[in-house]
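A.B. asks:
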Amino acid sequence: PIREVILEEGSQLKTIEASAFQGCTNLTTFDFPEGLESLGRNCFWQSGLSGTIVIPNSATKLDAGSLLSTNIENLYLGDGELEIGYNFLGTYGRTDNAYLKNVYISASTTFTATNIFYKCANLVNFYIVGTDEECVTMVNTLKSHSTGSYMTFITESEAEELGINEENGAGYAIIHTGYNRCDAFYG
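Under this note's numbering, the first residue of the sequence shown carries the number 17, and numbering increases by one thereafter.
#1: Report yes if the CB atom of Ser82 is closer than 8 Å to the CB atom of Leu43, and no otherwise.
#2: By DSSP, does Val119 sit in helix, in strand, or in coil?
#3: To test your reading of the DSSP string, which unbroken beta strand (DSSP E) runs of 3 or more residues are found completely within the segment 52-89?
#4: For Val21, which residues does DSSP report across the bridge?
#5: What does the alpha-carbon distance come out to for the pair Asp14 and Asn58?
#6: At a Cβ threshold of 8 Å, is Tyr102 touching chain D?
#7: Of all the options Phe142, Lys77 and Ser66, which has the alpha carbon lying nearest to the alpha carbon of Ala34?
#8: Where does Thr107 land, buried or exposed, given buried means 16+ other C-beta within 10 angstroms?
#9: Please state if the CB of Gly64 and the CB of Cys40 are separated by a distance shorter than 8 Å.
#10: Determine the closest residue to Glu97 out of Thr86, Ser124 and Ile132, with distance taken between C-alpha atoms.
#11: Roughly how many angstroms separate the alpha carbons of Gly51 and Ser27, rounded to a whole number?
#12: For the beta strand (DSSP E) containing Tyr143, name the first residue and the last one.
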């Protein structure tokens, strides 16, 4: 069984086709190369991808279900404009995705559907890169594209208590999420 895919530097991989690694439960590591443009529908659905995944800046589209029902804990999405489809990461069925904890995302990311992080019950932090205005827009977008959560804003003093300051949070919106609560702070 395939356990990891590490591509050589300069790889010409542009697209990972629909269902390419679907059900590959032993696949835990995939090196997404710079130059990759899109992930097809359900391409890693129910695979064993785990740990930290970095989607390169070159990516422009993550299709529906592309990282659905995986064990990813930290997800870094590229800084470019990125189109994300329905339920691209989360879980399918009655159980929660207990793995995803942190998402790092650009304020220029666009969403084409709802339920993007569906049933990610342990999602703790969203780090959004952008200006204050872009971060506010992104938080409002996340509110309208999320199921089962709502957002409130923590104060600057509460942020300082959490250790969020200009040195480690400038230009970021940090959102603490959960099924019943989702807080945001703009550094």
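Quick reminder that beta carbons are idealized off the backbone N, C-alpha and C, glycines included. Predicted model only: the values in this text are computed from it and were never measured.
C.D. replies: Walking through what the data contain:
#1: No; because the gap between Cβ atoms is not below 8 Å, this pair is not in contact.
#2: DSSP places Val119 in strand when its eight states are reduced to three.
#3: The segment 52-89 contains these whole beta strand (DSSP E) runs: 66-70.
#4: The partner list for Val21 (beta bridge, DSSP) reads Phe46.
#5: With the chain covering 17 to 203 only, the question about residue 14 has no answer from this structure.
#6: Annotation note: the requested chain D is absent from the structure, which comprises a single protein chain.
#7: For the options Phe142, Lys77 and Ser66, the alpha carbon positioned closest to that of Ala34 is the one of Lys77.
#8: Thr107 counts as buried, since no fewer than 16 other beta carbons sit within 10 angstroms of its beta carbon.
#9: One thing to note: Cys40 has its Cβ within 8 Å of the Cβ of Gly64.
#10: Nearest to Glu97 by alpha-carbon distance, out of Thr86, Ser124 and Ile132, is Ser124.
#11: If you take the alpha carbons of Gly51 and Ser27, they lie about 8 Å apart.
#12: Note, Tyr143: beta strand (DSSP E), Asn141 to Val145.
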